[in-house]
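Read through the structure below, which is laid out as structure tokens, and then see the notes.
Protein chains: 2
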Amino acid sequence: MLRIQLDELQRTIEQALLRAGLGPQQALQCARVHASSSCDGVNSHGLNRVPRFIEYVDKGWIDIAAESTLVSALGAIEVYDGHQGIGVTNALFATERAMEMARVQGVGIVALRNTTHWMRGGSYGWHAAQQGFASICWTNTESCMPAWGAADCRIGNNPLVIAVPRTEGPLVLDMAMSQYSYGKLQTTRLQGQPLAYDGGYDSEGRLTRDPGAIEASRRILPTGYWKGSGLSIMLDAMAALLSQGLATNQIDEIKQGSGTGASQVFMLFDPRQLGGAAVADQIANSVADYVQASEPAEADSRVMYPGASTWQRREDNRQRGVPVDEDIWEQVQALARGD
Amino acid sequence: MLRIQLDELQRTIEQALLRAGLGPQQALQCARVHASSSCDGVNSHGLNRVPRFIEYVDKGWIDIAAESTLVSALGAIEVYDGHQGIGVTNALFATERAMEMARVQGVGIVALRNTTHWMRGGSYGWHAAQQGFASICWTNTESCMPAWGAADCRIGNNPLVIAVPRTEGPLVLDMAMSQYSYGKLQTTRLQGQPLAYDGGYDSEGRLTRDPGAIEASRRILPTGYWKGSGLSIMLDAMAALLSQGLATNQIDEIKQGSGTGASQVFMLFDPRQLGGAAVADQIANSVADYVQASEPAEADSRVMYPGASTWQRREDNRQRGVPVDEDIWEQVQALARGD
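Chains as they are written, first to last, in numbering that gives the first Met the number 0: chain L, 0 to 338; chain W, 0 to 338.
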């Protein structure tokens, strides 16, 4: 696989976005999120997603002229309308605004409605953690999965991000509500491999590890069976309620690609207001250390806290260059040149 | 199975708790939570838990004289110390206090440290939803499960409750971070049945549906494999951070039974401040209706939103009496009589 230096990757994406009509600040913010996602090993929402983002802009599904506007402010919770603007800049704005609120009163919550795909949810958890904030953020999405016991897709993947700052490297969880993503099914199928665990149902309704059979039935499995299904439903209801925005059932009617019209919640906490940064660091260390000191189930393996492997991959890719798909890299370079 | 009328069940538990030394208000609050848990089908934290609660009181592991005291107040977030008081009354206090705050400013968060077992987490979600509040609540616990990839228990079950009010019946999710509880393993083993899905590892490190093999290895499975493991770790870190309380690794050192020393978070939202109760009801209805209209995967089955089956069971048990284990019912009656 080709490796590209992070700064070159980011500059090229930025160029492509400028050519798509984004303003300099928008292009820089989005390029940072896409490039750092690829650097963290999440190409699906990094480099690989740039052409589709530009396609959405070209189709008018994302309004690059739109800015988030305040709907209501109630002290610790503010509601914004994203007006189908750029998902990444809307989400960064919401994160920054919630941090400002948290700086003053310990907690700040921004509920954002009518936004578009925020790309990699973990971006916002990492961003906040690097500035010393803890966070709980999630988005709802269009349907991509059957509810528990159902055959047709009526619940979203609704990624949930929980992050806690830590001097030695934050704890960051970024989890979607399906056991596997469609991206993972595709990659595994192309490698001719089975999934490590059941990932959905085949067309006969039997649980299977065959990625192709699941892609065909469209019945991916909620993580933890009934539990991930329930969590997906509740995150959807709560995001729509707090933002007075669209729930999955209404997002399904928009039919303008993935993530368009989503409702999102950004809860930011400032440990400096809550016991102090030193206490928070001590707590985060004790949690990470305890988990890492587990007895491994398999010899030669390590037990890691959420975010640890991402951190290692990032450091490695920063030094050795970010692995990218050659065809997509060509495609984004062409977009940057304006071919 | 014996059926007891709900009011008789509650009165008997209340008597037993009064005899254990609880004050009238404490006994009433706790009896309501235990009795309604049994009525909802959760006997493990309902009637069945009463003798163990009294045992903890007798051992001094729960201090019935303690009351929650304010540690810090920052507008929308307040931190309380539970002083190892009664978990149920501490949690009800926290819920009520967070509701008061939410009534004024849309959101109220109470972080509670040094509390004891809150029994059934869903109690607080139901309680708040019945008064028109949405909620996100969770607790950390002592270790009961290995982290993903680990052989020894270093993460908690950390139940998470998310509830959204709805006139026709709220949406309430109450999920622990293991795929199955030890209670469920025991029940299934006693019935001579296998689990429906893998629930943990046998002593050879193989995934298994044999409940007895998992009880022997103590390696229950996090829900959704690595995902439930990560979520458990983050809920622990976040609860400890927000309350400046104990994380699972420190709770493990207390060794005074289950739940003693826990850190909990109660986030309450008032829809009347956030778009209005009518809008919230519409959103909750649309989410519930959409899920319920799913095509069932199996003929004659129904797809339900979180909380729907609990609601049905409750209505049924209110009419026909609450099913209880005969031996435990005898035991609690004896405690109530002071035998």
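Each residue gets a CB set at the ideal place from its N, CA and C atoms; glycine is no exception.
- The Cβ of Asn89 of chain W sits no closer than 7 Å to any Cβ of chain L.
- Residue contact with chain W for Val163 of chain L: present (Cβ-Cβ distance below 7 Å to some residue of chain W).
- For the pair Met98 of chain W and Leu267 of chain W, the CB atoms are nearer than the 7 Å cut-off.
- The shortest C-alpha to C-alpha distance from Asp269 of chain W to any of W:Ile63, W:Glu95 and W:Ala212 is the one to W:Glu95.
- C-alpha of Asn157 of chain L to C-alpha of Tyr55 of chain L: approximately 20 Å in a straight line.
- Phe265 of chain L and Gly320 of chain W have their C-alpha atoms spaced approximately 44 Å apart.
- Between Leu73 of chain L and chain W, the shortest Cβ-Cβ separation is below 7 Å.
- Cβ contact annotation for Ser36 of chain L (same chain, cutoff 7 Å, sequence separation greater than five): His44, Gly45, Met118, Arg119 and Ser122, in chain order.
- Contact between the stretch 230-240 of chain L and the stretch 144-161 of chain W is present: three or more C-beta pairs spanning the two stretches fall below 8 Å.
- Following the DSSP letters along the chain, one finds Val302 of chain W in no alpha helix (DSSP H), marked with neither H nor E.
- Take the alpha-carbon of Gln263 of chain L and the one of Gln190 of chain W: they are about 44 Å apart.
- Between the stretch 298-314 of chain L and the stretch 163-177 of chain L, the count of Cβ pairs shorter than 8 Å is three or higher; the stretches touch.
- In this structure, DSSP gives Ser71 of chain L an extended state, which the three-state scheme calls strand.
- Rounded to whole angstroms, the gap between the alpha carbons of Asp62 of chain L and Ala261 of chain L is 14 Å.
- Taking the Cα of Pro295 of chain L as reference, the smallest distance to any Cα among W:Asp299, W:Ser257, W:Ile253 and W:Cys152 is reached at W:Cys152.
- Distance from the Cα of Thr114 of chain L is smallest, within the candidate group L:Asp209, L:Ile250 and L:Ala72, for L:Ile250.
- The continuous stretches of beta strand (DSSP E) do not include Ile61 of chain L, and DSSP gives it neither H nor E.
- Residue contact check for Lys226 of chain W against chain L: a CB pair falls below 7 Å.
- Non-local C-beta neighbours of Gln129 of chain W in its own chain, meaning closer than 8 Å and more than five positions away in sequence, comprise Pro164 and Pro169, ordered along the chain.
- Boundaries of the beta strand (DSSP E) around Trp137 of chain W: Ala133 to Thr138.
- When L:Val49, L:Arg18 and L:Ser71 are compared, the shortest CA-CA separation from Gly275 of chain W is found for L:Ser71.
- Using a Cβ-Cβ cut-off of 7 Å, Val264 of chain L does not count as an interface residue toward chain W, since no Cβ of chain W sits closer than that to its own.
- Residue state for Thr114 of chain L is assigned as strand, using DSSP reduced to three classes.
- Per the C-alpha coordinates, the member of W:Pro23, W:Met144 and W:Gly337 positioned closest to Ser293 of chain L is W:Met144.
- DSSP, reduced to helix, strand and coil, places Arg153 of chain L within a strand of the structure shown.
- In the three-state scheme derived from DSSP, where H, G and I count as helix and E and B as strand, Ile3 of chain L is classed as strand.
- Listed by position along chain L, the residues whose Cβ is nearer than 7 Å to that of Arg153 of chain W are Tyr289, Val290 and Ser293.
- The distance from the Cβ of Tyr200 of chain L to that of Ser216 of chain L is about 6 Å, consistent with a contact at the 8 Å cut-off.
- Any Cβ of chain L closer than 7 Å to the Cβ of Asn139 of chain W would place that residue at the interface, and such an atom is absent.
- At least one C-beta of chain W is nearer than 7 Å to the C-beta of Thr222 of chain L.
- Val290 of chain W and Trp125 of chain W have their C-alpha atoms some 20 Å from each other.
- DSSP lists L:Gly199 as the bridge partner or partners of Thr207 of chain L.
- For Leu91 of chain W, the secondary structure class from DSSP, reduced to helix, strand or coil, is helix.
- Beta bridge pairing from DSSP links Ile108 of chain L with L:Ile76 and L:Met266.
- Boundaries of the alpha helix (DSSP H) around Val290 of chain L: Ala276 to Gln291.
- At a Cβ-Cβ threshold of 7 Å, Arg317 of chain L and Leu5 of chain L count as neighbours.
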